[in-house]
Amino acid sequence: MLFFSFFKTLVDKEIRVEFKNGVEITGTLKSIDQYLNLKLDNIKTDVDKYPHLIAVRSLFIRGSMIRYIHLNPVDVDTSLLQDAARREAIATGGDKFAGR
Amino acid sequence: MSQAVTSSVSSSEPLDLIKFCLDEQIYLKLRGGREMVGRLHAYDSHCNIIISDAIETIYYIDKEDGEMKNTKKKSDMIFVRGDSVILATDATNVETN
Amino acid sequence: MSFFGFDPTGPPSSKRNDAEELDFDDEDDAFNEETFGADVTDIRKDFDFGYGAKPQAEESILKPATQSSIKPGLSYAKAAQEELLQPMAALWGDSTSNEEERKEVTEEKDDSKKVLSLEEIEAKLKQQTPSSAGVQGTANVPGQPPVVQQPQQQFPNPYMLPPQVQQQMLAAAVASGQFPNMESASQAMAQSMMAAAAFQQTGMMPPLPFMNVPPHLQQQQQQPGQPQQPQQQPPSGLPQGQVPNQPQSQPESQQGKTQTAGRPVSQPLSVDRFPPIGVGIEETAKPQINQQQQQQQQQQYHQQQHQQYHQQQHMYRNNNRGYNHQQQRAQRRDYYQQQLQQQLEQMSPEEREKFTIRQNKVSKITRCSGFMGPKDKDFVTRFQLSQIVTEDPYNEDFYYQVYQIVKSSLGGATNDVNSIAQKYLDQSGHRLGGRSKRVDIALQRMQQQVSKAVTVAKERGQRSSGLSKEGALGRVSFGTGKQPRQQIIIKKEEASSEEKDDALPKEYKFPRSSRSFQLSIIEDIYTQVLKLESMERENQTYQTTELWKSLHLNDKIKTSTDEINPFISILSFDKTMKVFQRLFHFLSKEEQEQIIELIFTHLQKIDIVLKSSYKNYADTNYSIPKNVNDKIELFQSTIMRALVIYIGDTNFQQILSILNEIISNNNVLFLCTTKIGCSLLTVIISRLELIKQEYSKNLSAQDLSNWSLVYDKLFQGLEGRLASIFPPFFSNDESRKVVNEETNKNDGYIWQFLATLSLGGLLNHQRIIVDEIRNEIFGVMSLSKTTKEEGDAVKAAGLLENLNLFLNVMGLNATEDDISELASEA
């Protein structure tokens, strides 16, 4: 749930998604689910490369198609993120936090 | 005083090796002849990873002279989906060229 | 609620006439192929809401259905609406949700048309065996969506019934006198059998509820006179809610006549066969009740009535399975086209043109709208919610929760149910046409759903832990909402205790001098700190022994040249610095003392202190690498800050002993070539001086003499080499001066150090200091002069200011040109 939780904080932020087939799409993240499927609005792409996407304003991306997502560093609280990753590791490692 | 000097510390699971790299430089080998080096900020059991100040190296065979070349790309903050990850290790373990 | 912000309950105004064709091939969606594969028409097969059998069953009916004859001019809008509402009940399948849906339906329903009260039906349903819950779920009284008020036609289609039920029906049908003879009844029956066979061809089990029917019927037959559903029996002679076989049996017989074996399932449509459009099945049947039901024996009536009831449920199911879906959509479309024609005729040409353009636009956008009804959406929403919500947001949604708190000054209130609902509505673009009332309702319902989902999640509890099973055919892994299926499952070792170390494979062990060992210590510390923080947050009592152990303070690492403490060795990692204050906070006063002492004693062995000395970089024009500078800054803002705070509330004797430790265990001159060392010494000396001057009466003569002893020791370490404190890039001594990117940074910390050193010393100390750094002093003055002449008065003043920090201590003041006694007012 770490990355789902993480990407929820990026809703309404601009991200650039790089697909496994090389296509890159920039857009505003509108929605995310636990499979990291995305919904993007205000799509921007390299029109010369992908003319078929010229009219696409908004799209759904199946999570498994994604290779990278480029983020804006100011949207990311790295120390919190590291703590979250550690917590996740502890939680999945069997140790429970207090109160669980 | 508490432990014998010769004893060593163990990690109980492989993913701990990634955990050790949190906030340190990590090296990733990725599908499609790609490598990535950068500071690790998050990972999960799917090997999804977030790296900052990442340098991605893409290796390819030049069609004209048949030699292996590479291009490098930089990204300030990047999420790498786990299913592209082949290998992850402490960047100090990898000779950089 | 629509994806596009259109009201999906409104009529789709597509002009397409080919009702047989499904709307799936949306050529605008360039991604369909990539996302779902090229075979787009197969999409429906892939939809599986966790009730694997049903979509398949749906598939089997769908094709024949699309070929069925459709009589134009019929409005099925209402039927479609209702039909849309129903599948969710079946899919959701649990009685609570059905209950809720029923209630919702009650609200929506036009009461004047209601025949059997919902409470009655509900009570009736509850009387039935629990095993038929699924059937009950589908037996909702259909709701009436607000927008469409068109009359509707209900299609009973019993073709899906399994043989046993068919038999029961047949018997009942014949008994009821609906069929003239056994032959026509069995014809209908044969038809049903074929349908059942077709059903089984799909290789799927018939939906569970069917299996529940026969025992019921049997029971009914055995006790024919016993009224099983008293609630359903109306007080008057005419049972309102009762449904005779007529509507079912008739189409059945007709089906038998019109259909061929190759097309086992088809939809007979005939307006006059059916009563005028009602709200639901019960009502549909009403006229026939009048004609026939009264003639029937009471026993028969009971039996049939029960049977009918089940049949209806099945019919509902069948309708729901998507069979009617596109058909009814098409019908609806036809109807609205007719309406449209009428409208158009009444318009002026311009109006008509505008209207057409608009209509085209709308139809393009809404081509697929209305495909899901409100209930479908509710179901999806609830399904999504059930995946999202958690009983423990702080742990399972840590990043998001804390990030929101950090980002918003509102803080705190983010994890309550209402805000999840609100956020979900916001994020999902969940709108109800902008009508504020409806938004409220949507929010309320969402809140209910969230709280329900939370309850379910709580009840589910720890059950979700088993994510993989190993069987004879290998490992099977499952995905859950909380943890999508993993491509690779790494088997976890059992939590290893210290004794088990030897049993571990070699590759799990790190030599103690390795980087991995250091990193493992750090992560250990983090684990302990996080656990403690978690306990602290929940106001639990905690013990820090584990944390203390994880620090390895009394441990030693042997390296080739030296022995080093593991804790000191990890101090230079960014993440150790970052966690330092957090761990420091958990330690007792004694433990804190121990750590501080350790750090000061080993100051010079700390990697970053070592690296921050300018002497390391003589080969590279003394430029300090950026990563080292970053680390120095981090060290100052974390560990050094903690040290300074600690020194700030420690007594004179302790600080003195710390200073003594530093001097005895480190090369003071070397420390002074580092910014960190210089700054730390400055803090310590100035604190000692401050205490000495402000609280001297609390100090014994012994203390003061100790202080002067330690000072002498310190001064001895520096004497004769004081000029080397200045890094070449800050030096203004022409013989040492080096210019690099550091030069323009602030050298104030050096002058501060010299100032405190002078402050602590006697006059002869001060003389030595001034003497040794004479070149620097005059260098600064001349630099200041030239800088001022070059026009940068601010920088010139800054240079002098730093110099005067030092000179003022001795009662001197420098200008660009000369040094004078400090003015009398000072």
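Protein chains in written order, with UniProt numbering: chain A, 1 to 100; chain B, 1 to 97; chain C, 1 to 826.
Each residue gets a CB set at the ideal place from its N, CA and C atoms; glycine is no exception.
Please read these numbers as outputs of a predicted model, since none were measured by experiment.
Top-ranked residue by Cα proximity to residue i, from the options
i                     : options                    : result
residue 543 (chain C) : C:568, C:801, C:557, C:585 : C:585
residue 572 (chain C) : C:589, C:732, C:602        : C:602
residue 9 (chain A)   : A:20, A:24, A:33, A:25     : A:33
residue 684 (chain C) : C:665, C:655, C:664, C:693 : C:655
residue 606 (chain C) : C:768, C:355, C:674        : C:674
residue 609 (chain C) : C:549, C:568, C:649, C:690 : C:568
residue 54 (chain B)  : B:29, B:39, B:63, B:61     : B:39
residue 20 (chain B)  : C:385, C:793, C:378, C:519 : C:519
residue 85 (chain B)  : A:20, A:2, A:1             : A:20
residue 860 (chain C) : C:536, C:365, C:760, C:707 : Since the first residue of chain C shown is 1 and the last is 826, residue 860 (chain C) is not available in this structure.
residue 336 (chain C) : C:353, C:359, C:348        : C:359
residue 624 (chain C) : C:380, C:739, C:767, C:753 : C:739
residue 587 (chain C) : C:529, C:719, C:628        : C:529
residue 51 (chain B)  : A:24, A:76, A:11, A:47     : A:76
residue 760 (chain C) : C:370, C:534, C:689, C:375 : C:689
DSSP-derived helix/strand/coil call for residue i
i                     : result
residue 580 (chain C) : helix
residue 544 (chain C) : coil
residue 753 (chain C) : helix
residue 552 (chain C) : coil
residue 41 (chain B)  : strand
residue 835 (chain C) : The structure shown does not extend to residue 835 (chain C), since chain C is modelled only from 1 to 826, so the question has no answer here.
residue 762 (chain C) : coil
residue 813 (chain C) : strand
residue 339 (chain C) : helix
residue 693 (chain C) : helix
residue 363 (chain C) : helix
residue 100 (chain B) : There is simply no residue 100 (chain B) to check, as chain B begins at 1 and stops at 97 in what is shown.
residue 820 (chain C) : strand
residue 328 (chain C) : helix
residue 29 (chain B)  : strand
residue 20 (chain B)  : coil
residue 741 (chain C) : coil
residue 712 (chain C) : helix
residue 83 (chain A)  : helix
residue 90 (chain B)  : strand
residue 661 (chain C) : helix
Okay, do the stretch 577 to 592 of chain C and the stretch 631 to 644 of chain C touch, 3+ Cβ pairs below 8 Å being the bar?
-> yes
Check whether the stretch 38 to 50 of chain B touches the stretch 61 to 71 of chain B, counting contact only when three or more Cβ pairs, one atom from each stretch, lie closer than 8 Å.
-> no
Which full runs of the alpha helix (DSSP H) of 4+ residues lie inside the UniProt domain "Sm" (2 to 75) of chain A, going along the chain?
-> 2 to 8
Do the stretch 70 to 88 of chain A and the stretch 396 to 405 of chain C make contact, defined as three or more Cβ pairs closer than 8 Å?
-> yes
Any 3 or more C-beta pairs closer than 8 Å across the stretch 540 to 554 of chain C and the stretch 609 to 617 of chain C | no
Segment contact flag, the stretch 12 to 24 of chain A with the stretch 61 to 71 of chain A, C-beta cutoff 8 Å, min 3 pairs | yes
Do the stretch 707 to 727 of chain C and the stretch 663 to 673 of chain C make contact, defined as three or more Cβ pairs closer than 8 Å?
-> yes
Whole alpha helix (DSSP H) runs in the stretch 584 to 659 of chain C with 4 or more residues, listed along the chain?
-> 589 to 601, 607 to 612, 626 to 637, 639 to 648
Can you give, in chain order, each stretch of the beta strand (DSSP E) that sits fully within the stretch 49 to 88 of chain B and has at least 3 residues?
-> 49 to 61, 68 to 80
Taking only runs of the alpha helix (DSSP H) that begin and end inside the stretch 768 to 798 of chain C, which ones reach a length of at least 4 residues, in chain order?
-> 774 to 789
Answer yes if the stretch 691 to 698 of chain C comes into contact with the stretch 738 to 758 of chain C, meaning at least three C-beta pairs across the two stretches below 8 Å, and no otherwise.
-> no
Could you run through the stretch 570 to 604 of chain C and flag, in chain order, every residue whose CB is less than 9 Å away from some CB of chain A?
-> 575, 578
In the stretch 19 to 32 of chain B, which residues sit with their C-beta less than 8 Å from some C-beta in chain C, listed in chain order?
-> 19, 20, 21, 22, 23, 24
Report yes or no: do the stretch 55 to 62 of chain A and the stretch 375 to 385 of chain C share at least 3 C-beta pairs separated by less than 8 Å?
-> no
Residues of the stretch 76 to 88 of chain B whose Cβ lies closer than 8 Å to any Cβ of chain A, in chain order | 76, 77, 78, 79, 80, 81, 83, 84
Of all the residues that make up the stretch 633 to 659 of chain C, which are near chain B by a beta-carbon distance shorter than 9 Å?
-> none
Where the stretch 614 to 628 of chain C meets chain A: residues whose CB sits under 9 Å from a CB there | Only those residues of the stretch 614 to 628 of chain C whose C-beta falls short of 9 Å from the nearest C-beta of chain A would be listed, and there are none.
Near-chain A residues of the stretch 39 to 63 of chain B - C-beta to any C-beta below 7 Å | 41, 42, 43, 44, 45, 48, 50, 52
So, do the stretch 720 to 728 of chain C and the stretch 643 to 658 of chain C have three or more beta carbon pairs nearer to each other than 8 Å?
-> By the criterion of at least three beta-carbon pairs nearer than 8 Å, the stretch 720 to 728 of chain C is not in contact with the stretch 643 to 658 of chain C.
Can you list, in chain order, the residues of the stretch 71 to 85 of chain A whose Cβ is nearer than 8 Å to any Cβ on chain C?
-> 77, 79, 80, 81, 82, 83, 84
How do the stretch 728 to 735 of chain C and the stretch 775 to 795 of chain C stand: do at least 3 beta-carbon pairs fall below 8 Å, yes or no?
-> yes
Give the residues from the stretch 358 to 376 of chain C that approach chain A closer than 8 Å (Cβ to any Cβ), ordered along the chain.
-> none
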